[in-house]
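Chemist: Pasting in a structure now, in structure tokens, and then I'll have a few things to ask.
Numbering (our numbering), first residue to last: 600 to 848.
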């Protein structure tokens with residue numbers, strides 16, 4: 600299933616006791632639609648308040664509903680801030696998390712003096728003028744295979760390595776909106792938001808590009824500084840070695 604959601608009202612994707620989560624809403628809707636108590640697997644975990652434009656989720660069901668009826672029925676039971684955009688059957692060998700080759704995230708910054716009541720759920724407001732050229736120069740140090748420990752808030756025991764491969768990282772400006780774009784094999788906890796926090800400091804002239812590079816090279820958890828707020832972050836897409844048409848069963 601290809602899912603889109605506004606993460607504002609949820610404590611992240613994964614199930615949490617007594618807290619609303621995206622996974623909880625999806626599984627509740629699946630139960631109402633199919634009568635089965637199903638567990639879903641997502642390609643990329645998103646934290647509290649983080650959004651997704653193209654999250655990939657899978658489940659194992661015995662339902663024989665046609666794809667169009669499955670999509671329509673699931674959307675009927677899902678809340679307005681979560682939607683399934685597409686759904687199709689794949690082989691049992693398909694694993695949406697393990698088979699993904701990269702994930703792309705965007706972080707949206709509103710860079711102007713006045714805040715925006717319309718954008719406030721999806722863009723982080725930074726009133727000071729940002730130097731996007733300096734931010735882009737810093738971004739180039741992110742590309743490639745590096746140890747990103749300095750950009751992780753906390754290292755969980757399940758994380759065996761802090762080395763990640765970043766395929767693309769840049770900053771683009773469109774009027775008063777600035778978007779940080781990053782694609783990587785996978786990410787450490789809070790890696791993208793910590794990176795944005797450091798890039799904002801570079802853009803405001805509070806940190807040099809050389810200092811940014813030194814933070815990366817230090818490989819010290821928490822060194823990157825303030826974490827950017829969650830609401831500016833959005834999972835844009837998950838990439839696989841094959842197209843969806845090839846994966847359809």
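No residue lacks a Cβ here, since even glycine has one placed at the ideal position from N, Cα and C.
#1: Compare the Cα-Cα distances from residue 667 to each of 659, 684, 677 and 651 and report the closest residue.
#2: Alpha carbon to alpha carbon, how far is residue 841 from residue 766?
#3: Sort out for me which residues DSSP pairs residue 768 with in a bridge.
#4: Are the segment 601 to 614 and the segment 644 to 657 in contact at 8 Å, needing three or more beta carbon pairs?
#5: Which one of 628, 690 and 706 has the shortest CA to CA distance from residue 720?
#6: Tell me the residue span of the beta strand (DSSP E) that contains residue 746.
#7: Out of 660, 823 and 775, point me to the one whose CA is closest to residue 805's CA.
#8: Are residue 733 and residue 795 close, meaning C-beta to C-beta below 8 Å?
#9: Between residue 768 and residue 676, what straight-line distance do the alpha-carbon atoms span, to the nearest angstrom?
#10: According to DSSP, is residue 717 part of a helix, a strand, or is it coil?
#11: Cβ-heavy atom distance between residue 804 and the ligand SAH below 7 Å?
#12: Between which residues of its own chain and residue 849 is the CB-CB distance below 6 Å, once the five residues before and five after are set aside?
#13: Nearest by alpha-carbon distance to residue 708: which of 699, 695, 718 and 701 is it?
#14: On the premise that residue 710 lies in contact with residue 725, defined as a C-beta separation below 8 Å, what is that separation, rounded to the nearest angstrom?
#15: Are residue 661 and residue 695 touching if we call contact CB-CB under 8 Å?
#16: If we count Cβ pairs, one from each stretch, closer than 8 Å, do we get three or more for the segment 625 to 645 versus the segment 684 to 693?
#17: Is the beta carbon of residue 783 closer than 8 Å to that of residue 690?
#18: Label residue 773 either buried or exposed according to how many other C-beta atoms from any shown protein chain fall within 10 Å of its C-beta, with 16 as the threshold for buried.
Modeler: Quick answer:
#1: 684
#2: 18 Å
#3: 781
#4: yes
#5: 706
#6: 743 to 746
#7: 823
#8: no
#9: 37 Å
#10: coil
#11: Ligands in the displayed structure: none, and consequently the ligand SAH is not present.
#12: Shown here, the chain extends from 600 to 848; a query on residue 849 therefore has no answer.
#13: 718
#14: 5 Å
#15: no
#16: no
#17: no
#18: exposed
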